[in-house]
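Participant: Pasting in a structure now, in structure tokens, and then I'll have a few things to ask.
Numbering (my numbering), first residue to last: 1037 to 1314.
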């Protein structure tokens, strides 16, 4: 059986970018989980990307897989891209290299010039003179980040379609913060994505079938709305359960410090191929 994998960052300009990533001097440890290291991207760095997705910050699963948007949020985005005929010709980067720690960390650094300078170098490499025709921003922090880059590259930005949509985890985060039912906040997200879908499809050259059937706002997520992460997006040797929708990594600990320092990784039952013990 042959396996695909992400080749990593062996070519210019990405080899130089990952060699010169910022640390605590730019990302203060009080606001970012710098101890888990930077997580740079997911998708194509070979010039074949047709869509760029700009997310927010890496979460728990991403800290293990070393690629962004690989959990349920990533599979929701993968499903959105599939609707416009994009199965693998994409590249995803985040507003922040490191996971945000605390509620206000991201907002405090939304317009940080040092953070923006490194992020803009990635966006320059991926968007200037490329075949990317559309940019999808996930949430307000990503929208702000894109606007900051566009101000430095107005010519390149003028040729791009911007789909500024709600972050895929909006339903869960909004329900927790507002006390609304998850079904209500999911409907808000799906309405927002439905509004963006036709124009996004019109500005992307598909590589596969296009199906812009709107999301079922009142029914919530349906079978097929989420799409699996392709094996080619992950580092060589990644176990198949890293691509699974089932949660396999959680932060654990008896207090905030222990929880920040600890990620528990558990192989899902469906992937436990070993014979019964004992």
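From the three backbone atoms N, C-alpha and C, an ideal C-beta is built for every residue, glycine too.
Bear in mind the structure is a predicted one, so any value in this text is a computation, not a measurement.
Going by DSSP, name the residue or residues bridged to residue 1299.
Facilitator: 1287, per the DSSP bridge assignment.
Participant: Taking DSSP as the reference, what is the three-state secondary structure of residue 1268?
Facilitator: Helix, per DSSP.
Participant: Nearest to residue 1091 by CA position, among 1181, 1269, 1262, is which residue?
Facilitator: The option with the nearest alpha carbon to residue 1091 is 1181.
Participant: Between which two residues does the alpha helix (DSSP H) containing residue 1097 stretch?
Facilitator: That run of the alpha helix (DSSP H) goes 1096-1101.
Participant: Is residue 1151 helix, strand or coil when you go by DSSP?
Facilitator: In this structure, residue 1151 counts as helix in the three-state DSSP scheme.
Participant: Give me the Cβ distance between residue 1155 and residue 1270, rounded to the nearest whole Å; I'm assuming they're in contact under 8 Å.
Facilitator: Contact doesn't hold; Cβ gap of about 23 Å is too wide.
Participant: How would you call residue 1307, buried or exposed, if buried means at least 16 neighbouring beta carbons within 10 angstroms?
Facilitator: The residue is exposed, with fewer than 16 neighbouring Cβ atoms inside 10 Å.
Participant: Tell me whether residue 1144 is buried or exposed, calling it buried when 16 or more other Cβ atoms sit within 10 Å of its Cβ.
Facilitator: So residue 1144 counts as exposed.
Participant: Is the number of C-beta pairs between the stretch 1110-1125 and the stretch 1241-1252 that are closer than 8 Å three or more?
Facilitator: They touch, by the three-pair rule.
Participant: Just list the residues that DSSP pairs residue 1068 with in beta bridges.
Facilitator: DSSP, once it has assigned bridges, lists 1136 as partnering residue 1068.
Participant: Classify residue 1086: buried if its beta carbon has 16 or more other beta carbons within 10 angstroms, exposed otherwise.
Facilitator: That one is buried.
Participant: Looking at the structure shown, is residue 1163 part of a helix, part of a strand, or coil, going by DSSP?
Facilitator: Three-state result, residue 1163: helix.
Participant: Is residue 1305 helix, strand or coil by DSSP?
Facilitator: Residue state, collapsed to three classes: helix.
Participant: Quick one: grab the DSSP three-state call for residue 1222.
Facilitator: Residue 1222: helix per DSSP, three-state reduction.
Participant: Cα separation between residue 1282 and residue 1168?
Facilitator: If I take the Cα positions, the gap works out to 31 Å.
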